[in-house]
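Inspection log for the structure reproduced underneath, given as C-alpha cells.
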Amino acid sequence: MAMAAILAVLSMLTKSTVCFVLSFVYSFFLLWRKRALFFACMCCYLFFSLWSKWVDAHNVTKLSGNETTFFVRFIAPIYIDGDRVKTVVQWQNERLQLIYRLRTEEEKRQWDELQIGTTCSLQGMLERPSLPTNPYAFNYRRYLFHQRIHWIVRPTSLERCMRANITWMERLQTIRQDGIRYIQHHFPNDVSAFMQALIYGERSDIEPTVLASYQKLGLIHLLAISGLHMTLLVGGCFYLFIRLGITRERATMILLGCIPLYVILAGAAPSVMRAAIMTSCFFLASSRLRTIDSLSIACLVLLAKDPYTMFHLGFQLSFLVCFALIICSSFIQNQRSVIRQLFATSFIAQMSTLPLLLYHFYEVSLLSIPLNVIFVPLYSFIILPLSFVALFVHICIPFLSPLIIYGLAAVIAHSNELVTSLSDTLMLTLGRPPALLIVAYVLSICLLFLSFEQQKRAHLFRFSFIFVIIIHFISPFFRPSGEVVMLDVGQGDSIYIELPYRKAIYIIDTGGTMSFADELWKKRKQSFRVGEDVLVPFLKAKGVRTIDALIATHGDFDHIGDAGDVFEAVRVRKLMVGMQQQRNDLEQTLIEQASKKGARVQIVKSGDRWAVGKAQFYILSPFGNEETTNDGSIVLYAWMGGAYWLFTGDLEEKGEQQIMRTYPSLPVDILKVGHHGSKTSTSEPFLQHIRPKVALISAGRRNRYGHPHREVIERLRHDHVRIFRTDEHGAVVIRFHKRISTIQTFLP
Numbered sequence: 001m002a003m004a005a006i007l008a009v010l011s012m013l014t015k016s017t018v019c020f021v022l023s024f025v026y027s028f029f030l031l032w033r034k035r036a037l038f039f040a041c042m043c044c045y046l047f048f049s050l051w052s053k054w055v056d057a058h059n060v061t062k063l064s065g066n067e068t069t070f071f072v073r074f075i076a077p078i079y080i081d082g083d084r085v086k087t088v089v090q091w092q093n094e095r096l097q098l099i100y101r102l103r104t105e106e107e108k109r110q111w112d113e114l115q116i117g118t119t120c121s122l123q124g125m126l127e128r129p130s131l132p133t134n135p136y137a138f139n140y141r142r143y144l145f146h147q148r149i150h151w152i153v154r155p156t157s158l159e160r161c162m163r164a165n166i167t168w169m170e171r172l173q174t175i176r177q178d179g180i181r182y183i184q185h186h187f188p189n190d191v192s193a194f195m196q197a198l199i200y201g202e203r204s205d206i207e208p209t210v211l212a213s214y215q216k217l218g219l220i221h222l223l224a225i226s227g228l229h230m231t232l233l234v235g236g237c238f239y240l241f242i243r244l245g246i247t248r249e250r251a252t253m254i255l256l257g258c259i260p261l262y263v264i265l266a267g268a269a270p271s272v273m274r275a276a277i278m279t280s281c282f283f284l285a286s287s288r289l290r291t292i293d294s295l296s297i298a299c300l301v302l303l304a305k306d307p308y309t310m311f312h313l314g315f316q317l318s319f320l321v322c323f324a325l326i327i328c329s330s331f332i333q334n335q336r337s338v339i340r341q342l343f344a345t346s347f348i349a350q351m352s353t354l355p356l357l358l359y360h361f362y363e364v365s366l367l368s369i370p371l372n373v374i375f376v377p378l379y380s381f382i383i384l385p386l387s388f389v390a391l392f393v394h395i396c397i398p399f400l401s402p403l404i405i406y407g408l409a410a411v412i413a414h415s416n417e418l419v420t421s422l423s424d425t426l427m428l429t430l431g432r433p434p435a436l437l438i439v440a441y442v443l444s445i446c447l448l449f450l451s452f453e454q455q456k457r458a459h460l461f462r463f464s465f466i467f468v469i470i471i472h473f474i475s476p477f478f479r480p481s482g483e484v485v486m487l488d489v490g491q492g493d494s495i496y497i498e499l500p501y502r503k504a505i506y507i508i509d510t511g512g513t514m515s516f517a518d519e520l521w522k523k524r525k526q527s528f529r530v531g532e533d534v535l536v537p538f539l540k541a542k543g544v545r546t547i548d549a550l551i552a553t554h555g556d557f558d559h560i561g562d563a564g565d566v567f568e569a570v571r572v573r574k575l576m577v578g579m580q581q582q583r584n585d586l587e588q589t590l591i592e593q594a595s596k597k598g599a600r601v602q603i604v605k606s607g608d609r610w611a612v613g614k615a616q617f618y619i620l621s622p623f624g625n626e627e628t629t630n631d632g633s634i635v636l637y638a639w640m641g642g643a644y645w646l647f648t649g650d651l652e653e654k655g656e657q658q659i660m661r662t663y664p665s666l667p668v669d670i671l672k673v674g675h676h677g678s679k680t681s682t683s684e685p686f687l688q689h690i691r692p693k694v695a696l697i698s699a700g701r702r703n704r705y706g707h708p709h710r711e712v713i714e715r716l717r718h719d720h721v722r723i724f725r726t727d728e729h730g731a732v733v734i735r736f737h738k739r740i741s742t743i744q745t746f747l748p
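Residue numbering for the sequence shown follows full-length UniProt numbering, starting at 1 and increasing by one per position.
Quick look at the structure:
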C-alpha cells in the first residue's frame with residue numbers, strides 16, 4: 001500500500017518516461033516476489049498519471065475576460081480585512097477569485113452579512129492573476145490555478161442578493177461560519193483567535209506578528225488541526241461515550257458518522273482530511289491494517305479526490321511528518337522516558353521536513369526542537385481541551401465561563417509572549433537550496449534515520465547530514481559569478497549587488513510603501529510592505545545573513561522608507577548616507593536605528609572610493625552643496641564584471657551637469673536611470689556624455705506620476721540603448737564573472 005502511494009505521488013510530480021521507467025524497474029526488483037502487488041502498484045501509477053493529465057487538460061477557462069456582468073454564487077467564506085474583501089464565487093460553472101475594496105462602513109456591514117450560498121448580481125472587470133515579478137516570489141497565478149481559478153473579478157457594484165436552495169455542504173459551511181462568529185462575538189480577541197484555530201481550523205484572526213513567530217519557531221502545526229488534535233478529540237469523545245454506558249460498537253459508529261462532518265466544520269484542509277481518514281481506518285480495521293497502510297490510503301484518497309492537493313504545502317508537511325514518525329516509531333518507543341520520547345518525536349518531525357522548510361521559508365530555528373517539547377504538551381493537554389470546554393460551558397453554563405476564559409487567556413498570553421520574544425533568536429538562515437542540494441538533503445536525512453537502526457555506521461550517516469548543511473552554508477562563497485538585481489518594488493528603488501565568491505553584498509535603497517492615516521474601519525491587520533514582503537524574503541532566499549553596506553541614496557520614502565525592515569531581519573555592517581546640509585526626519589530615524597543595531601554610519605561625498613578584489617567603487621555625488629534632496633542623491637560609479645555601472649538614485653538634470661563638469665570622461669555600460677525615468681532626469685547632454693548601452697528603470701505599474709516619461713524613453717531609444725523596466729519586465733537580474741554573462745527579466 002505504501003509503494004502504491006509513493007508511485008501515485010511520483011506520477012503527479014513528473015509525467016516523464018524516465019520517471020516511469022525508474023519507478024517500474026525499482027518496483028520490479030522490490031516486488032517481483034509478489035507479482036500481484038507489483039502489477040497493482042503499476043496500475044496505480046498509470047491511473048494517477050492519466051488522472052492528473054485529464055485534470056490538467058480540463059483545468060481551462062471558457063471566459064474571454066471581456067465580461068462585465070455576473071450573476072455569482074458565494075461558495076467560500078468571505079474574509080474582510082479592513083476595507084478589503086476576498087472570497088471565491090462561482091459563475092457559469094467557473095470559480096472566480098473576488099477581490100473588492102469597500103467604500104463605506106455601511107457597505108462593510110452589508111458584506112459581513114453575506115453567507116455561503118448567497119447569489120448576487122454584480123458589475124465588474126475580470127483580470128488575470130499576477131505572475132511573480134521578483135526572484136523567489138510567491139506565484140499567485142499558479143496557486144489559484146491549483147484551485148481551478150483562472151480569473152480575478154473586481155466588482156464595481158453588488159445588487160439583488162438572495163439565498164435559496166443551499167446544498168448540504170453549504171449548510172455545513174454556514175454552521176462553521178456561524179460558530180466562528182459566535183466565538184468572535186463572545187470571547188476576548190486573543191482567546192477568540194486561538195479558539196477559532198483549534199476548533200474550526202481558522203487562523204485569519206491571529207495577529208500576523210504572532211502567527212509569523214509561531215511559523216519561524218516551527219510551532220505553526222500546533223495551530224492546525226492535525227493527527228494529534230484528531231486523536232485527542234476522537235479519543236476523548238470515545239472515552240466519554242463509554243463512560244455514559246454506550247457500547248463500543250455504537251460509539252464507533254457514532255464517531256465514524258461525525259468525523260466527516262467535523263472535517264467540513266474544521267475547514268477540510270489536507271492535514272484535517274489525512275487525520276480523519278487515518279482515524280476512520282483505525283476504527284474500521286485497527287487489527288488488520290498497519291499505520292503505514294492507513295497513511296497510504298489517506299494519500300491515495302486525497303490525490304484521487306484532487307490531484308492538485310499534491311502541491312499544497314500542508315499536504316506535503318503533514319504526510320512527510322507522519323511517514324517519518326511511523327518509520328522511526330521503534331526508535332521513539334525505545335526511549336526510556338517521556339521527555340526523551342518527546343525530544344525524539346520533535347527531532348524526527350523537524351528533520352523530515354527540513355528540505356521543504358528551507359525551500360519555502362529559507363531558514364530554520366535552532367530552538368524549534370526544545371520548544372516543541374514544551375509546547376506540544378501545553379497545547380495538547382491544556383490549551384486545546386480548555387478551548388473546547390470554554391465554548392461548551394459558555395453555551396450551556398454561561399455564568400461559569402469567565403473563570404475558564406480567564407485561565408485560557410492567561411495561558412495563551414504567556415505562551416504568545418514567549419514565542420514572540422524568541423522568534424528571532426538562534427535563527428539559521430541558509431537560503432533556498434537548489435535541486436541538487438535538495439536531493440542531498442533527502443538522502444542524508446534518510447541515512448540519518450537509518451543510523452537509528454544501524455549502529456555500525458551511525459557516525460558516518462550522521463556526519464553526512466551535517467556535511468550537507470555545511471555545504472549549503474558555505475556554497476555561496478564558492479560561487480564564481482556575481483550579480484546585480486534591480487528588484488521590482490513598485491514606485492521606488494532597491495538594487496542588490498553581490499560580488500563573485502560573495503566577497504561583498506551591497507543594497508542600494510530598500511523601497512518604501514506609504515501608509516496614509518485613514519479611518520479605523522479601513523485599517524488592515526497587515527498591509528503590504530516592500531521591505532518586509534519583497535526585499536527581506538529575497539535576502540533570506542539568497543541565504544544572506546550579513547550586508548556589507550546599505551547605501552541610502554537620499555531621504556525620500558520610496559527609497560529608504562522600509563530600510564528598518566532590513567535592519568530587523570539581517571545584520572548590516574555599514575550604513576552609507578550622503579553628505580548634506582540638512583537631513584529630514586526619515587534619514588535621522590534611519591541613522592539612529594542603524595546605530596542601535598551596531599551598524600557603522602558613514603557619510604560619503606564625491607571623491608570617496610573603495611575596492612573589493614577587482615571590483616572598484618567610486619562616489620561621484622553628492623558634493624554637499626546641493627539645493628534639492630534629489631540632486632543630493634548618492635551617485636555610485638562601479639567597475640564590476642568587465643563593465644562600468646552608474647547608479648544615480650533620484651539625480652536630476654542640475655546634478656547631472658555638476659557630474660559632467662567634475663568628471664569629463666565617464667564611460668558607462670549600464671545605467672540605472674535617475675528618478676524612475678522622470679523627464680527632469682537623464683537629459684540628452686548627460687546621455688551623450690556617458691553613452692550607456694543598457695538602461696535600468698525602476699517604476700511602479702500605472703503610477704500616478706507617469707514614470708518613466710515618454711521623452712526619456714525616446715531619448716534612450718534614439719541612442720540605441722537597451723531598456724529594462726520593472727513596470728514591464730519585473731525584476732532584472734544581471735549576472736557577471738569576468739564579463740556580463742546574462743540579463744534576465746521576470747516577465748516576458
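Just so you know, even glycine gets a beta-carbon here, dropped at the ideal spot from N, CA and C.
For His150, the enclosing beta strand (DSSP E) covers residues Ile149 to Arg163. Taken in chain order, the unbroken stretches of alpha helix (DSSP H) that lie wholly in the stretch 697 to 731 and span 4 residues or more are 710 to 718 and 726 to 729.
Here Gln580 carries a coil assignment [DSSP, helix/strand/coil]. Counting along the chain, the unbroken alpha helix (DSSP H) around Glu249 starts and ends at Arg248 to Leu265. A straight line joining the alpha-carbon of Phe323 with that of Gln333 spans about 16 Å. Ile383 carries a helical assignment under DSSP once its states are collapsed to helix, strand and coil. Looking at Gln658, Arg609 and Lys614, the one whose alpha-carbon comes closest to that of Tyr637 is Arg609. Of the candidates Ala615, Ser683, Arg462 and Ser606, the residue whose Cα lies closest to the Cα of Phe623 is Ser606.
Asn630 and Gln588 have their alpha carbons spaced roughly 17 Å apart. Counting along the chain, Gln316 sits inside the alpha helix (DSSP H) bounded by residues Leu313 to Ile327. Secondary structure note for Thr87: its beta strand (DSSP E) is the uninterrupted segment Arg84 to Trp91. Cα atoms of His221 and Tyr182: separation of roughly 24 Å, rounded to the nearest angstrom.
Cβ-Cβ distances below 8 Å link Gly642 to Phe736, Lys738, Arg739 and Ile740 in the same chain, with the five nearest sequence neighbours on each side left out; the list follows chain order.
Val89 and Cys120 have their C-alpha atoms some 10 Å from each other. The Cβ neighbour count for Glu498, taken over all protein chains shown within 10 Å, is at least 16; the residue is labelled buried. When the beta-carbon positions are compared, Ala552 and Met576 come within less than 8 Å of each other. For Leu646, the beta-bridge partners assigned by DSSP are Tyr637 and Leu671.
For the set Leu666, Ser352 and Ile180, the Cα lying nearest the Cα of Leu325 is the one of Ser352. DSSP links Glu498 through a beta bridge to Glu483 and Ile505.
DSSP places Ile206 outside both helix and strand once states are collapsed to three, so it counts as coil. Each residue's CA atom was taken as its position, placing Arg725 and Arg109 some 41 Å apart. Non-local C-beta neighbours of Pro208 in its own chain, meaning closer than 8 Å and more than five positions away in sequence, comprise Lys525 and Gln526, ordered along the chain.
No Cβ-Cβ contact shorter than 8 Å links Ile374 with Val411. In the structure shown, Glu592 falls within a helical segment according to DSSP collapsed to helix, strand and coil. Contact between Leu403 and Val191 is ruled out by a C-beta separation of about 13 Å, above the 8 Å threshold. Distance between Leu646 and Ile508, taken at the CA atoms: about 12 Å. Its chain contains Ser271 as the residues whose beta carbon lies nearer than 6 Å to that of Ala224, once the 5 sequence neighbours on both sides are disregarded; these appear in chain order.
Gln196 counts as buried, since at least 16 other C-beta atoms from the protein chains shown sit within 10 angstroms of its C-beta. In the assembly as shown, Thr648 is a buried residue. Its beta-carbon has 16 or more other beta-carbons within 10 Å. Look at the stretch 509 to 571 and you find these whole runs of alpha helix (DSSP H), each 4 residues long or longer: 536 to 541, 557 to 560 and 563 to 569. In this structure the stretch 653 to 670 touches the stretch 687 to 705; the number of beta carbon pairs closer than 8 Å is three or more.
The shortest C-alpha to C-alpha distance from Trp521 to any of Leu50, Asp83, His676 and Lys62 is the one to Asp83. Counting C-beta pairs closer than 8 Å gives three or more between the stretch 713 to 729 and the stretch 677 to 685, which meets the contact rule. In this structure Val419 is in contact with Leu219, their Cβ atoms being roughly 7 Å apart against a cut-off of 8 Å. Following the DSSP letters along the chain, one finds Ile619 in no alpha helix (DSSP H) but inside the beta strand (DSSP E) bounded by residues Ala615 to Ser621. For Thr682, the three-state secondary structure derived from DSSP is coil.
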